Amino acid sequence: MKKKFITIIILILLLNCKSHERFETEKDEFAIVTASILNSRKKPDVKSDLVGKFHFGSPILINTKDSFEDTVDGEKGKWIKEKVTNGYIFSKYYIVTSGNIYKLKGVVDICNFPCGGSCFIPPGDLYLVGNFYIEIDDHMDYLPEDRTPCSTIRIGTFKKDNEEYIFSSPIKYAGYNGKNNHCRITFLSNLDKIGDKIILDHLKKPFNLKRMSDSKGSFYIINNKMIYDRSRYHEYCSEQSLHDKVIEVFDSYYIDEKIDTNNLFSSYSHKFNEKISE
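Its first residue numbered 24, the sequence shown is counted upward by one per residue in this note's numbering.
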C-alpha cells in the first residue's frame, strides 16, 4: 500500500513538471500584416461585422489555438483570434511568428547639412518580432511631396550573432505617399515602377547593425559605419561652424527603446500615424 502511494505521488510530480515545462516554453505568437489593409471581423466570417483595421506591417498579438478553417476568395486558410480588438483575421494576409520582441529607434544627429536632408535616408524605427523585422522609413527633404515614395515599410528576417544583428533583404515591402506633413496616407500598389531609384535601392538591400558603446551608453552602427563621439558631437559641430567652408556632418545610428507585448501594436500604430516636421 505504501509503495502504491509513493508511486502515485511520483506520477503526480512528474505530470506537474511536464505541465510547468510546457507553460515555460510557450511563446507569444504574432501576426505581421502583409496586405495594405487587414480587416478584423467580430466572427470568423467575411460577412461578419468589422471590429478593426490594421495597416501593412502591423505586428498583432494572436492566439492560434482559437482558430477556424475556411476558404476565402478561393484560398484555404484559417481565421485566427487577434488580441488587439478581439476579432478574427484571415491567414492569407499575414505572416505568423513567435518569440521575443524588441524595438530599435533610429536616431540622426545633424549639425551641417547643406542639402537639407534630401541626399540621405535617415534610419527608421525597427521592430523585431520573433525572427522577423519591420522597419518604417521616411524619405523626404522637408515636405512629403519631395520624394516618391515619401515613406516605406519593409518586412524581412533577421538573426543575431553575438553583438551584431544581420538583416535579410525584405520578403515584403510597401511604399506610401502623403501631403503636408503626413507621409503614410496613400498606399502605392505600383511602387517598383514609380519609386525613386535611391529609395528602391535602399529598400531592397540587406543590412547589419553592430553594437557599440561610448560615454552616453550603447548604440548600434549601420553597416559598420563609424560615427563621431556622441558625447562631443555638439562641440564638434560648433568647431565646424567656425570654418569658412561649410561641410556636411551627420551621423545616424540606432538605440534600444523599451517595449513590451502589451504596447507593441500601439507603438507601431503611433509610429505609422506620426507626422513629420515641416
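Glycine is no exception: its CB is placed at the ideal position from the N, C-alpha and C atoms. No experiment lies behind these values; they were computed from the predicted model shown.
- Residue pairing of lysine 76 in beta bridges, as defined by DSSP: Asn62.
- Ranked by Cα distance from glycine 179, the first of Cys173, Leu226 and Pro145 is Leu226.
- Boundaries cannot be given for aspartate 51, as no alpha helix (DSSP H) includes it and DSSP labels it neither H nor E.
- According to the DSSP assignment, isoleucine 208 belongs to no alpha helix (DSSP H) but to the beta strand (DSSP E) extending over 205 to 211.
- Beta-carbon to beta-carbon, phenylalanine 190 and phenylalanine 230 are separated by about 5 angstroms, close enough to satisfy the 8 angstroms threshold.
- Judged by DSSP in its simplified three-state form, aspartate 224 adopts helix.
- With contacts defined by Cβ atoms closer than 9 angstroms, serine 254 and lysine 126 do not form a contacting pair.
- For isoleucine 217, the enclosing alpha helix (DSSP H) starts and ends at 214 to 217.
- Here threonine 175 is buried, its C-beta having at least 16 other C-beta atoms within 10 Å.
- In the three-state reduction of the DSSP assignment, lysine 298 falls in the coil class, being assigned neither a helical nor a strand state.
- For the set Ile208, Asp274 and Leu223, the Cα lying nearest the Cα of proline 193 is the one of Leu223.
- DSSP, read as helix, strand or coil, puts arginine 253 in helix.
- By the neighbour-count criterion, in which a residue is buried when 16 or more other Cβ atoms sit within 10 angstroms of its Cβ, methionine 163 is buried.
- Bounds of the beta strand (DSSP E) holding proline 82 are 82 to 95.
- Under the three-state reduction of DSSP output, serine 71 falls in the coil class, being neither helix nor strand.
- The beta carbon of leucine 287 is closer than 6 angstroms to those of Pro82 and Ile124 in its chain, skipping five residues each way along the sequence.
- If you draw a straight line from the Cα of asparagine 185 to the Cα of isoleucine 244, it comes to about 15 angstroms.
- For valine 152, DSSP records a beta bridge to Ile124 and Phe155.
- Taking the Cβ atoms as the reference, threonine 120 lies roughly 13 angstroms from isoleucine 103, outside the contact range of under 8 angstroms.
- Counting C-beta pairs with one atom in each stretch, the stretch 55 to 65 and the stretch 87 to 96 have fewer than three that are closer than 8 angstroms, which means they do not touch.
- Tyrosine 199 has its alpha-carbon roughly 35 angstroms from the corresponding atom of aspartate 252.
- Counted as a single uninterrupted DSSP element, the beta strand (DSSP E) harbouring isoleucine 245 occupies residues 240 to 245.
- In the DSSP assignment, serine 236 falls within the beta strand (DSSP E) that extends over 230 to 237.
- DSSP places isoleucine 189 inside the beta strand (DSSP E), whose first and last residues are 187 to 190.
- In the DSSP assignment, glutamate 98 forms a beta bridge with Val95.
- If you draw a straight line from the Cα of isoleucine 299 to the Cα of arginine 207, it is about 10 angstroms long.
- For the pair aspartate 51 and asparagine 203, the Cα-to-Cα distance works out to about 38 angstroms.
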